[in-house]
Amino acid sequence: MQRPTVPSLFFGQATFTAAVAPREQMVPALRRMCRNSGQVPVYFYGRTHPILDLFGGSAAPVDIWPVQDAGCLLDGLDGTERPKIVVEHDPAFYAPCPDLTRVLGLTLRERVKERSATVAYVATRSDPYFEEIAGVAGRRVVVERDDPFIPADRR
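Right, dumping it as structure tokens:
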């Protein structure tokens, strides 16, 4: 008997998920998130954005907001009331002020608690800044290149 499988990468309603996965596996999960949304999600990105590039760039089904650093990202979050938020991790966000890493993670977590937002913090590889954000996220997912699915009873 074959067990039912589900995508190992999904962004649940009103959750803060920090996810590391190959961009080829990240894009379908983001498309599902966008499709199940009544509004267009806001997508924050920095200098490097391999996931957004594969997602369709400016033609992606998201409202893209370029940001320079974590301070600008925090300002951008203050300026939006969107229920769905995607942040593509860029280590350069934190170079000017590494102390803002945890502040950003806590701010994203509060968005979920106070406004029932769905937050996807996405990356193609991990680093210490990502790990600090993932430490305060409600859910952390790491998808290996060879493991696109997991059994439903092992999620």
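Counting from 1, one number per residue, gives the positions in the sequence shown under the UniProt record's numbering. Backbone N, C-alpha and C fix where the C-beta goes; we use that ideal spot for every residue, glycine too.
- Fewer than three pairs of CB atoms, one per stretch, sit closer than 8 Å, so the stretch 110-119 makes no contact with the stretch 94-102.
- In the three-state reduction of the DSSP assignment, P66 falls in the strand class, which pools E and B.
- For secondary structure counted as the beta strand (DSSP E) over 3 or more consecutive residues, the stretch 7-33 holds these complete runs in sequence order: 16-20.
- Close CB contacts of G71 within its chain, under the 8 Å cut and outside five residues either way in sequence, are with P96, C97, L100 (chain order).
- In chain order, E88, D90 place their CB closer than 8 Å to the CB of H49, counting only its own chain and leaving out the 5 sequence neighbours on each side.
- If you look at Y94, you'll find it isn't in any alpha helix (DSSP H); DSSP assigns it neither H nor E.
- Assigned with DSSP and collapsed to three states, T107 falls in helix.
- The stretch 48-63 and the stretch 6-20 do not touch, with fewer than 3 CB-CB distances between them shorter than 8 Å.
- Following the DSSP letters along the chain, one finds E88 inside the beta strand (DSSP E) bounded by residues 84-88.
- Across the set M33, L73, G105, Y43, the C-alpha of G105 shows the shortest separation from the C-alpha of V136.
- Out of V86, V143, E144, R139, the CA that lies nearest to the CA of P61 is found in V86.
- Counting the other CB atoms within 10 Å of its CB gives V122 a total of 16 or more, which places it among the buried residues.
- In this chain, A134 is not harboured by any beta strand (DSSP E); it is covered by the alpha helix (DSSP H) spanning 128-136.
- The criterion of a C-beta distance shorter than 8 Å is satisfied by F11 and M33.
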